Amino acid sequence: MDKWETQDNGRIKEFLGIKITRDRRRRRISLGLTAYIKEMVNKWLGGANEKSWVPMLSVANVAGGERCEPQRAKKYQELVGQLLWYLNQTNEYQLHLGGETNEHSDTLVTTYTDTNWASDPTNGRRSTSGSITYVYGCPVSWKSHVQKCVALSAVEAEFVAASEAVRETLFFSYLLWDLEITDVWPVLYTDSQGCIQVSKDPAKHWKLKHIDTRYHFVRNHVQEGDVAIKYVGTANNVADVLTKPLQGLNTS
Numbered sequence: 061m062d063k064w065e066t067q068d069n070g071r072i073k074e075f076l077g078i079k080i081t082r083d084r085r086r087r088r089i090s091l092g093l094t095a096y097i098k099e100m101v102n103k104w105l106g107g108a109n110e111k112s113w114v115p116m117l118s119v120a121n122v123a124g125g126e127r128c129e130p131q132r133a134k135k136y137q138e139l140v141g142q143l144l145w146y147l148n149q150t151n152e153y154q155l156h157l158g159g160e161t162n163e164h165s166d167t168l169v170t171t172y173t174d175t176n177w178a179s180d181p182t183n184g185r186r187s188t189s190g191s192i193t194y195v196y197g198c199p200v201s202w203k204s205h206v207q208k209c210v211a212l213s214a215v216e217a218e219f220v221a222a223s224e225a226v227r228e229t230l231f232f233s234y235l236l237w238d239l240e241i242t243d244v245w246p247v248l249y250t251d252s253q254g255c256i257q258v259s260k261d262p263a264k265h266w267k268l269k270h271i272d273t274r275y276h277f278v279r280n281h282v283q284e285g286d287v288a289i290k291y292v293g294t295a296n297n298v299a300d301v302l303t304k305p306l307q308g309l310n311t312s
């Protein structure tokens with residue numbers, strides 16, 4: 061068996077550029093990348109101190125087919141690579157392990173879903189769906205994509221988004237059941253009262269008869285009690301950020 065000499069350097073403070081702090085009283089470990097953020101600011105923004113409270117313009121439709129020079133494309137790819145490695149918007153954000161619970165902790169599996177109905181003319185007026193799934197209060201899955209069909213109303217768009225999100229919700233519920241965690245009552249949150257009504261009431265079926273059969277998946281599981289669908293206000297719907305650019309008040 062191979063052996064190596066080691067030495068005790070005291071409490072760990074940094075690992076691979078990640079700052080590590082421990083709060084024993086609150087039983088919490090925090091991981092932060094403040095130095096990495098400052099390095100990116102100095103490289104790409106020349107050390108500018110201005111802050112932006114929104115990730116992008118609230119109206120940001122981009123026309124397709126635009127080309128750029130290979131040199132600019134390479135710089136763009138490098139910047140995107142760095143941003144993908146660290147997605148937080150400000151250098152004060154940290155990952156906390158342990159400590160207090162949050163608003164998502166009461167339900168083992170919780171999913172938020174939202175839609176931006178027919179807002180972008182560049183994709184044939186198809187709506188954008190967004191969803192985030194929490195397990196034990198931690199976000200484990202999120203998705204933002206353009207719907208494959210054209211919705212004739214906001215309720216239709218929300219119904220299609222809910223049908224897609226419920227599949228992800230059930231996946232994590234079944235996963236917990238396989239691990240013998242049986243006290244799982246998944247909840248799907250939407251800010252559309254109309255979507256909730258057509259998901260629960262069979263009498264509303266005539267309004268959505270023209271929608272592809274697979275999108276009625278959510279109605280079946282709601283009526284069977286496999287998942288509960290509940291209302292959440294738009295201001296508290298965390299999936300809203302995945303469907304469109306938000307104003308500063310919403311992001312804060």
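Sequential numbering from 61 applies to the sequence shown in this note's numbering. Ideal Cβ positions, reconstructed from N, Cα and C, are used throughout, including at glycine. Quick caveat: nothing in here was measured; it's all calculated off a predicted structure.
- Bridge pairing for Lys203: Ser191 [DSSP].
- Rounded to whole angstroms, the Cβ separation of Thr66 and Thr188 is 52 Å, and the two are not in contact under 8 Å.
- Going by beta carbons, Val287 and Thr229 fall inside the 9 Å limit.
- With the rule of 3 Cβ pairs closer than 8 Å, the segment 201-209 does not count as touching the segment 241-257.
- Nearest neighbour of Leu139 by Cα position, chosen from Val101, Trp245, Glu129, Glu216, turns out to be Val101.
- The beta-carbon distance between Gly92 and Lys79, rounded to whole angstroms, is 4 Å. This is short enough to meet the 8 Å contact definition.
- If you look at Lys79, you'll find it in the beta strand (DSSP E) that goes 78-83.
- Rounded to whole angstroms, Val298 and Arg279 show a C-alpha spacing of 23 Å.
- With contacts defined as CB atoms closer than 9 Å, Leu236 and Val226 fail to qualify as a contacting pair.
- The shortest CA-to-CA distance from Val247 to any of Lys290, Ala214, His281 is the one to Lys290.
- Leu93 carries a coil assignment under DSSP once its states are collapsed to helix, strand and coil.
- Here Ile256 carries a helix assignment [DSSP, helix/strand/coil].
- With a threshold of 16 other beta carbon atoms within 10 Å, Asp68 falls short and is exposed.
- The alpha carbon of Ile192 has as its nearest neighbour, out of Glu224, Ala95, Lys260, Arg185, the alpha carbon of Glu224.
- A Cβ-Cβ contact shorter than 9 Å links Thr171 with Tyr194.
- For Val247, the uninterrupted beta strand (DSSP E) segment begins and ends at 247-250.
- Taking C-beta separations shorter than 8 Å and ignoring five residues to either side along the sequence, the partners of Val292 in its chain run Tyr172, Tyr249, Thr250, Asp251, following chain order.
- DSSP places Thr171 in the uninterrupted beta strand (DSSP E) bounded by 169-176.
- Each of Ile72, Leu168, Ala217 was checked against the Cα of Cys198, and the nearest Cα belongs to Leu168.
- Pairing Thr175 with Ala221 gives a Cβ-Cβ distance under 9 Å.
- DSSP places Ala221 in the helix class (H, G or I) of the three-state scheme.
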